[in-house]
Amino acid sequence: MKTIVALVLVLSVVSYPAACLYAGNGGTAQDEFVDKIEKDTFRYFWENADPDTGLIADNASAGAPCSIAATGFGLAVICIGHSRGWITYDEAYNRVFRTLKTFRNTLKNEHGFYYHFVDMKTGRRVWKSELSSIDSAIFFAGALFAAQYFKGTELERLANSLYLRADWKWMTNGTSLLCMGWTPENGFLGSYWDWYNEGLIAYILAIGSPTYPIPAECWKAWRKPVGEYGGYKVVYSFFGSLFTYQFAHAWVDFRNIEDNGINYWQNSINAVHANRKFCIDNARSHKGYGEDGWGLTAGDGPGGYKGYGAMPAEKLIQDGTINPYGMAASMPFVPELSLKSLKKIYDRHGSSVYGEYGFKAGYNIDKNWFSSNYIGIDQGVTVLMIENYRTGMVWENFMRNQCVKSWMELCGFTVKAP
Amino acid sequence: MKSGGARRRNYFVNPGMQVRYMAAIVLCMLLASLLTGVVMYYGILGRAVSEWSAWKLSEKLQMASRIKDYEDTRYGTEEVRTPENYFREARFLSEDGQQSVYYILDDTKNELMTRILPIVLVIAAASIFLSHKIAGPVSRIEKSINSMSSGNLTAGFRLRKGDEFKGLSGMLENMAEIFRMKIDISVNSLDELIKDADKLSPAQIKSKAEEARRQLLFFKTKP
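Going down the list, the protein sequences come from chains A and B.
Number 82 in numbering that gives the first Met the number 0 belongs to position 83 of the first sequence; there are no gaps in the numbering.
Number 221 in numbering that gives the first Met the number 0 belongs to position 222 of the second sequence; there are no gaps in the numbering.
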């Protein structure tokens, strides 16, 4: 009897995190709300893509070019759309395959990397944008996810071949850090991925690459500064923007990975709590901040796109703007807080903050400003994180990639038992 | 060295034919130029008008501002207060404009290539058809002359309908006919002479031989 009780107890403890996380499919009002956000946000990627090239717009405004990062998120979002039954297998497969073919046949690449912004119809570089390591990495992440989702098909081979072309060693420009980019006019940019931030995903793909890897020591080359706010200890990013704690987590399941005492999953949870605490503490200065007005992250504001963030950070930018995707993409970290706050702002501001493609890019109560736009990468991380919260499907597929396993092995990470 | 004797003074030697060919060549060139002009005019003008319309410029201005913000956020360049930094949107717009011009010209060139190729093929086919009107008769005349050189005066110079050199072939046909006639008469006289040599008087023999000689003397063989 004692053994059975102990077994039940152990099983309950072990299954607790999963039961907590994989929710939102039960038909309650909350589940319906989550489903609505995910489905509406999915439509951004389905409708804001060029039907011939499959390239996805940077944002929903007229004349916006394609962002290869938004397209990378889009590849995963389309697969999610199929898994949820919003589109058919053929629709999903054809759209993703067409997009990958555009990257293989039409887009110009240099050492396997792509330009940040390209024309939606022709795939040509626009705005003299840089060959971007992080945006290419997000595209590769989407392609690798799709490769696993459509395993055993021609699409899998095509997706893998695009990733294998990337010469990550070249992108270090002879240093131990990944450079942010390169232009034909001026060569390598002066900025490197030298802090904890969304660049993690680029390092993971670079170290795990079977063709042109960078040494595992590069993982130790970037700064991991530790700060504290409101009692929450965080390895923080330069601007303290919440997206820096979310982008890599949309793909990689960090829950059980230990990096010399750092658990990036717990770190993101702490960062979200610190962000919310910061907003509560500053609620007097900014009307929109508070218990349900948090999630300071890079996004559109009344004065343009800014790297909003909260403490701990090296440099703080804040003007009372809230970008709702900061809360939505925190769903796997703090499900209850995220859902409660999203519902609150949805009920309070209605169509001012929510529209045909889910939550809009931002709002600022102090200045009575509400964005009417949607940004591709914001919508992308929202769908992926909601799906991870609901089923863990993105993590499950992405973690199956050999490059992720190689990265963990080469960096000597210990996998903590759940 | 003076070569005045061989110099051609009149280039308009066959006005009818030369005008026809001039018209055909000019028409082909006009067609190609017209197509090139239309493609370039509408390709460049149409795209340029759309590219720099007020609506498009407004979109571009917004995007230039967004790109600047993206760069500031990613590279932390917001606080760099250089004069150049104040007008980065203008630089983005200018660079985008240059790139647009380049793409418009590049696209027009590609469009021209795809459109001009069928026209070149049509012109090539037409030129083969036209040149055949000259090359055909020349070839036919050469063969007939070769045949005549080997003694066959029955080779004709008849040309097809629409061929050039109809006058020349007529003259050659006429010449061949005269040759045949002269030689036939000579041969007939000699045949009669050989056949009736026993019955003919010396005067008749002489008359027949002289008739044959008279016909052959038609051909001038000495200067």
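From the three backbone atoms N, C-alpha and C, an ideal C-beta is built for every residue, glycine too.
In this structure, the straight-line span from the alpha carbon of ASN274 (chain A) to that of VAL48 (chain B) is close to 48 Å. In the three-state DSSP reduction, ILE385 (chain A) falls in the helix class (H, G or I). Under a criterion of Cβ atoms nearer than 7 Å, no residue of chain B is adjacent to GLY319 (chain A); the nearest Cβ is some 17 Å distant. Boundaries around LYS194 (chain B) are those of the alpha helix (DSSP H), 165-194, since no beta strand (DSSP E) includes it. If you keep only unbroken beta strand (DSSP E) runs of at least 3 residues inside the stretch 279-336 of chain A, you get 297-300, 303-306. At a cut-off of 8 Å between C-beta atoms, GLY75 (chain B) counts as an interface residue with respect to chain A. Per the C-alpha coordinates, the member of B:MET112, B:ALA22, B:MET21 positioned closest to GLY42 (chain B) is B:MET112. In terms of CA proximity to GLU109 (chain A), A:TRP181 leads the group A:TRP181, A:PHE44, A:LEU157, A:ARG42. Note on ASN159 (chain A): 16 or more other CB atoms within 10 angstroms of its CB, so buried under the neighbour-count rule. Pairing ASN47 (chain A) with ILE77 (chain A), the inter-Cα distance amounts to about 12 Å.
Residues of chain B with a Cβ closer than 7 Å to the Cβ of GLY306 (chain A) are, in chain order, THR72. When 8 Å is used as the limit between beta carbons, GLN17 (chain B) is near no residue of chain A, the shortest such separation being about 49 Å.
When secondary structure is reduced to three states using DSSP, TRP51 (chain B) falls in the coil class, being assigned neither helix nor strand. Our two residues, MET39 (chain B) and LEU116 (chain B), have alpha carbons roughly 15 Å apart in a direct line. Interface flag for TYR20 (chain B) against chain A is unset, since no Cβ pair is found closer than 8 Å.
Here LEU336 (chain A) is buried. Its C-beta has 16 or more other C-beta atoms within 10 Å. Around the CB of TRP54 (chain B), fewer than 16 other CB atoms lie within 10 Å, so the residue is classed as exposed. C-alpha of VAL234 (chain A) to C-alpha of PHE242 (chain A): approximately 14 Å in a straight line.
With its beta carbon less than 8 Å from one in chain B, GLY303 (chain A) belongs to the interface. With respect to chain B, the C-beta atom of ARG222 (chain A) has no partner C-beta closer than 8 Å.
Per the coordinates, the alpha-carbon of LYS223 (chain A) lies some 26 Å from the alpha-carbon of GLY141 (chain A).
Taking every protein chain shown into account, the CB of THR87 (chain A) has fewer than 16 other CB atoms within 10 angstroms, so this residue is exposed. Distance check between TYR195 (chain A) and each of A:GLY207, A:GLU129, A:ASN262, A:ARG254 places A:ASN262 closest, using alpha-carbon atoms only. Rounded to the nearest angstrom, the gap between the Cα atoms of ILE118 (chain B) and ILE127 (chain B) is 14 Å. With its beta carbon less than 8 Å from one in chain A, ILE66 (chain B) belongs to the interface.
Neighbours of LYS55 (chain B) across chain A, judged by C-beta separation under 7 Å: GLY62. Interface annotation, MET62 (chain B): in contact with chain A, CB-CB separation under 8 Å.
Listed along the chain, the chain A residues whose CB falls inside 8 Å of the CB of LYS59 (chain B) are GLY62. For TRP218 (chain A), the closest Cβ of chain B is not nearer than 8 Å.
In the structure shown, SER66 (chain A) falls within a strand segment according to DSSP collapsed to helix, strand and coil.
It is roughly 20 Å from the alpha-carbon of PHE44 (chain A) to the alpha-carbon of PHE397 (chain A).
The Cβ atoms of CYS217 (chain A) and SER190 (chain A) do not sit closer than 8 Å to each other. Taking a C-beta distance under 8 Å as the contact criterion, ALA247 (chain A) and ILE200 (chain A) qualify as a contact pair. Between MET326 (chain A) and LEU315 (chain A), the C-beta gap is not smaller than 8 Å, which leaves the two residues out of contact. When DSSP states are grouped into helix, strand and coil, VAL251 (chain A) belongs to the coil group. With respect to GLN98 (chain B), LYS127 (chain A) sits close: the two C-beta atoms are nearer than 8 Å.
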